[in-house]
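Asker: Residue numbers (this note's numbering): 31 to 195.
#1: Assign residue 147 to buried or exposed, taking buried as 16 or more other Cβ atoms, counted over all protein chains shown, within 10 Å of its Cβ.
#2: Please identify the residue among 137, 140, 43, 141 whose C-alpha is closest to the C-alpha of residue 99.
#3: Compare the beta carbon distance of residue 76 and residue 35 with 7 Å and say whether it is the shorter of the two.
#4: Taking 6 Å as the cut-off, is the beta-carbon of residue 127 closer than that to any non-hydrogen atom of the ligand ADP?
#5: To the nearest angstrom, how far is the alpha carbon of residue 159 from that of residue 178?
#6: By Cβ distance, which residues of its chain are closer than 6 Å to residue 166, with the 5 residues on each side in sequence left out?
#7: Mark residue 96 as exposed unless 16 or more other C-beta atoms lie within 10 angstroms of its C-beta, in which case mark it buried.
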């Protein structure tokens with residue numbers, strides 16, 4: 031598969047590189063370390079998938095190396111996408127005011143504005159409209175189902191070079 035070893039990824043993720051199987055005790059249960067030492071001649075030979083799946087999961091489903099890899103991938107996916115809506119330092123990025131307005135948008139507002147014959151909607155669309163904070167509201171009422179202020183996108187038109195000739 032061409033991926034570096036589990037030990038290499040430990041180092042890339044800021045976890046001390048294991049010099050021997052005993053050094054894995056901070057992330058892998060001792061019984062599993064014993065099995066790994068019988069399967070692999072050297073700690074540097076442990077496959078990434080095997081090592082990652084062997085780690086203690088802690089409070090989640092994944093151990094530290096897989097958490098690190100997934101977090102890094104999500105970061106790269108977001109930062110590498112020049113069209114991701116809140117990447118501030120790319121050409122054509124939204125202004126602070128535009129982002130503020132975008133963050134006001136809700137699925138309820140999207141349904142109200144883009145669905146035929148929908149006149150009412152609960153603010154939290156995935157919950158039943160049975161509580162006072164989630165009662166059906168008129169789509170035309172912007173206090174319950176807020177609207178974006180599109181004035182945030184207003185720009186002065188460029189002055190024509192020919193203007194005034």
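For each residue, glycine too, the CB sits at the ideal point set by N, CA and C.
Answerer: Looking at the atomic coordinates:
#1: exposed
#2: 43
#3: yes
#4: For the structure depicted, the ligand ADP is absent and the ligand set is empty, with no information on it obtainable.
#5: 23 Å
#6: 150, 152, 159
#7: buried
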